[in-house]
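Numbering (the numbering used here), first residue to last: 224 to 421.
Here's the structure we're looking at; comments come further down.
If you want it as structure tokens, here you go:
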């Protein structure tokens, strides 16, 4: 499975997967609950910058994550602008963007195996209900990582097209991206089958 994990020695990397996930959930919820009025959006942006400003992560990574989710931010901004107007649209879009990049820290700084182990431990109370927590944890990990993985695949396709001098546009991008995404889905299916997941 394609992983977003980047090895490092930052405080985020050193924090155990379970406590890190809980801390990031609390931070994302806090950002989401900030008021729309000033200084709520500025605080949301400052929290996102602070989360990435620690040694070993860096603001360059923050910029990469913002570029990766720019379409989600753009769609959010457009919808908010139509229904709420410029001020609330800017505030809500800032909060959504901050929440997205902060939540990406979990996948960036935690190996997939550690995430699976932490989720399985967290889901242990469901054993009494007959729930297969290994499958649930695997499903959650695949879901969490799928959007960033597709964003990375889209970036790779665009870079390859630029290198070959292909003209930009959705018509030239859609088919190669679909092929790459389906290949990734096949590889993921094969990996799951090899692990005995049916």
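No residue lacks a Cβ here, since even glycine has one placed at the ideal position from N, Cα and C.
For clarity, every value in this text was computed on a predicted model and none was experimentally measured.
With respect to the 8 Å criterion, residue 295 and residue 323 are classified as neighbours on the basis of their beta carbons.
Residue 275 carries a helical assignment under DSSP once its states are collapsed to helix, strand and coil. Counting along the chain, residue 243 sits inside the alpha helix (DSSP H) bounded by residues 240–255. Across the structure, residue 409 and residue 317 are spaced so that their CA atoms are roughly 36 Å apart. In the pairwise beta carbon analysis, the stretch 274–290 is classified as touching the stretch 229–236: at least three pairs are separated by under 8 Å. 342 is the residue among 266, 252 and 342 whose C-alpha sits nearest the C-alpha of residue 240. With distances taken between CA atoms, residue 291 lies nearest to 369 out of 402, 415, 266 and 369.
Minimum Cα-Cα distance from residue 299 among the listed residues 319, 310, 344 and 287 corresponds to 319.
Contact annotation: residue 377 and residue 400 have beta-carbon atoms nearer than 8 Å. In terms of Cα proximity to residue 415, the closest of 304, 331, 360 and 311 is 360. Counting other Cβ atoms within 10 Å of its Cβ, residue 314 reaches 16 or more and is therefore classed as buried. Within a 10 Å sphere around the beta-carbon of residue 255 sit fewer than 16 other beta-carbons, which makes this residue exposed.
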